[in-house]
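>
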RNA sequence: GCCCCCAUCGACUAGUGGCCCAGGUCGCCACCCUUUCAAGGUGGUAGCGCGGGUUCGAAUCCCGCUGGGGGCACCA
């Protein structure tokens, strides 16, 4: 075997091969993935991929009463969309309940645990300290007297999270537990449990939580919080991944835009910030715009079409494709497309806006004769019109824009007119005068 | 209340004793470009929470304070 060969040749090299990294993400199936948990999952994934290790998905469904039917599928769908692929099949904590109970019985037999009103409790040491070197926080020590005897198995026979989770980490050969910092105070208990079964605790890395810009834990009132919400708002996966990676981590002081490959290449767990990070929606918007603009035009159109389909729009695909280049430079989220370019696909409303009728009627007669009805010809004709009326371009074009698009803000006027077509353009100009 | 942790511009961060009267990015402001809005270009705004030490020298090390967070379940 290669490992044995390497071992003989170079003991250090063999060591490096043997301790290949294995991490896990362990969500409970209680609903959609919260963006904070996704960020934790991303750090796990980046670390695993950077180290050439494995990233496992374990569903912690011990508490069946809180389980949401769709959640397991939704979690996987969210991870897949973001590009966080896991290794091997996902596992369920519930499948190991018998193993847990057996360990509990053994611990009782060894005098390391005891029965208490039908439940089984683990006997924590009551002197000294339990500590570990946290990859992101450094040394943490807890006085053992603070550690209560945790319940291993409830009186109804169901193992608890604080028992099942560390046991599974041992059984799965998890080398690094990268999780939210709300687990910091569980860690000494889990370390003692793991040692009690004769295993070596993994390396721990507790990543800070994600706040809203107001310094409070990120929640609904800040805006989107689940991956699905970000997706349906029109953020694209690479942008969200890039943004999330930079939430509590930075490779240096300069770099901001990084592809998935680059993130994997540069990710360093020990550089993760120990303090909480605020989620800046405006920066995400900017970054999403950067990614959207960088897409090749055909890919952009493809993404847009895909997005509109998911959102239930049945707009003409050919027209969407033609409209795509007009908006690519202008919108930051695909979700802005319907409001920005919807005038091409549906009727507009002018809400009784008063527009200069002279400009409109002149434009109408000019556009009637433009041949062919293309952006450059339209532009030439309208510029000539503006000059003839002695109007500044913006003063001449703005009423036309509003009449035709229903908005003061739109894609380029001439291209918009071309896509709209002569007939509909004339209709709208005429309608705006009455 | 008890235990654990955290602290650089409004936000994300770089910075690990001299390269920092603190750098990058978002935001914000101004100007340029311009058919609107964006994009792009140029410039600008703004920060080491406070108080003590240590040191020739501290954003960087130590102590205290203040502020913030997490945990203290037969939830995960």
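Numbering (the numbering used here), first residue to last: 1 to 434.
From the three backbone atoms N, C-alpha and C, an ideal C-beta is built for every residue, glycine too.
Given that a residue counts as buried once 16 or more other Cβ atoms are within 10 Å of its Cβ, and exposed if not, what is residue 418?
That one is buried.
> Is the separation between the beta-carbon of residue 307 and that of residue 328 shorter than 8 Å?
Their beta carbons are not under 8 Å apart, which means residue 307 does not touch residue 328 by this criterion.
> I need the DSSP call for residue 151, collapsed to helix, strand or coil.
Strand.
> Would you call the region 130-141 in contact with the region 269-279, where contact means no fewer than 3 C-beta pairs closer than 8 Å?
Contact holds: three or more Cβ-Cβ distances are below 8 Å.
> Do residue 39 and residue 174 have their CB atoms nearer than 8 Å?
Not closer than 8 Å, so no.
> Which complete alpha helix (DSSP H) runs does the region 90-164 hold, if anything under 4 residues is left out?
Here the runs fully enclosed are 97-109.
> Taking its Cβ as the centre, do 16 or more other Cβ atoms sit within 10 Å of residue 316, making it buried, or is it exposed?
Exposed.
> With distances taken between CB atoms, is the gap from residue 378 to residue 367 smaller than 8 Å?
For residue 378 and residue 367, yes; Cβs fall inside 8 Å.
> Whose CA, out of 206, 277, 223 and 247, lies closest to the CA of residue 215?
For residue 215, the nearest C-alpha among the options comes from 277.
> For residue 411 versus residue 330, is the C-beta spacing smaller than 8 Å?
For residue 411 and residue 330, yes; Cβs fall inside 8 Å.
> Near residue 42, what residues of its chain come up, given a Cβ to Cβ distance below 8 Å and the 5 sequence neighbours on each side ignored?
Result list for residue 42: 82, 84, 241, 244 and 245, in chain order.
> Does the separation of the CB atoms of residue 281 and residue 211 fall below 8 Å?
Not a contact, by the Cβ cut-off of 8 Å.
> Between the region 399-409 and the region 339-355, do at least 3 Cβ pairs fall closer than 8 Å?
Because the criterion of three Cβ pairs below 8 Å is met, the region 399-409 and the region 339-355 touch.
> Tell me whether the beta-carbon of residue 50 lies closer than 8 Å to the beta-carbon of residue 225.
No, the Cβ-Cβ distance between residue 50 and residue 225 is not below 8 Å.
> So the beta strand (DSSP E) residue 204 belongs to, where does it begin and stop?
Looking at the DSSP string, the run of the beta strand (DSSP E) that includes residue 204 is 203-207.
> Grab me the residues of residue 157's own chain with a C-beta within less than 6 Å of its C-beta, minus the 5 sequence neighbours each way, in chain order.
If we look at residue 157 and ignore the five residues flanking it on each side, it has no Cβ neighbours.
> Would you mind sorting residue 26 into buried or exposed? The rule is 16 or more other CB atoms within 10 Å of its CB.
So residue 26 ends up on the buried side.
> Short of 8 Å in beta carbon distance, which residues of its chain neighbour residue 283, apart from the five on each side in sequence? Order them along the chain.
Same-chain partners within the cutoff: 243.
> Taking only runs that begin and end inside the region 289-333, name each unbroken beta strand (DSSP E) of 3 or more residues, in chain order.
Complete beta strand (DSSP E) runs here, min 3: none at all.
> Determine the DSSP secondary structure at residue 244, reduced to helix, strand or coil.
Helix, per DSSP.
> Have a look at 151, 87 and 389 and flag the residue whose alpha-carbon is nearest the alpha-carbon of residue 117.
The residue with the shortest Cα to Cα distance from residue 117 is 151.
> Rounded to whole angstroms, how far is the Cβ of residue 177 from the Cβ of residue 159, which I believe are closer than 8 Å?
Residue 177 to residue 159, Cβ: 18 Å. No contact.
> How many angstroms separate the CA atom of residue 227 from the CA atom of residue 433?
Distance between the alpha carbons of residue 227 and residue 433 is about 46 Å.
> Quick check on residue 287: does DSSP put it in helix, strand or coil?
Residue 287: helix per DSSP, three-state reduction.
> Where residue 430 and residue 365 are concerned, what is the direct C-alpha to C-alpha distance, given to the nearest angstrom?
Distance between the alpha carbons of residue 430 and residue 365 is about 10 Å.
> Would residue 167 and residue 148 be called neighbours here (beta carbons separated by less than 8 Å)?
In this structure, residue 148 does not lie closer than 8 Å to residue 167 by Cβ.
> Thinking residue 60 and residue 165 are a contact (beta carbons under 8 Å), I'd like their distance in whole angstroms, please.
So it is a contact: roughly 7 Å between Cβ atoms.
> Check residue 258 in the structure and name its three-state DSSP category.
Three-state result, residue 258: coil.
> Do you know offhand how far residue 285's Cα is from residue 222's?
Each residue's alpha carbon lies about 14 Å from the other.
> Cα separation between residue 64 and residue 55?
When rounded, the distance between both Cα atoms is 25 Å.
> Which of helix, strand or coil does DSSP assign to residue 69?
If DSSP states are grouped into helix, strand and coil, residue 69 belongs with coil.
> Using 10 angstroms around the beta-carbon of residue 238, count the other beta-carbons present and answer buried if the total reaches 16, otherwise exposed.
Result: buried.
> Kindly examine the ligand ATP and report whether one of its heavy atoms sits closer than 7 Å to the Cβ of residue 56.
By its list of ligands, the structure shown contains no ligand whatsoever, and the ligand ATP lies outside what it can speak to.
> What does the Cβ neighbour count give for residue 481, buried or exposed, with the cut at 16 atoms within 10 Å?
Given that the chain is displayed from residue 1 to residue 434, the structure contains no residue 481 and the question cannot be resolved.
> Skipping 5 residues on each side, what residues in its chain have a beta carbon closer than 6 Å to that of residue 32?
Cβ neighbours of residue 32 beyond the five flanking positions: 74, 226 and 228.
> Rounded to whole angstroms, what is the Cα-Cα separation between residue 334 and residue 104?
Distance between the alpha carbons of residue 334 and residue 104: 53 Å.
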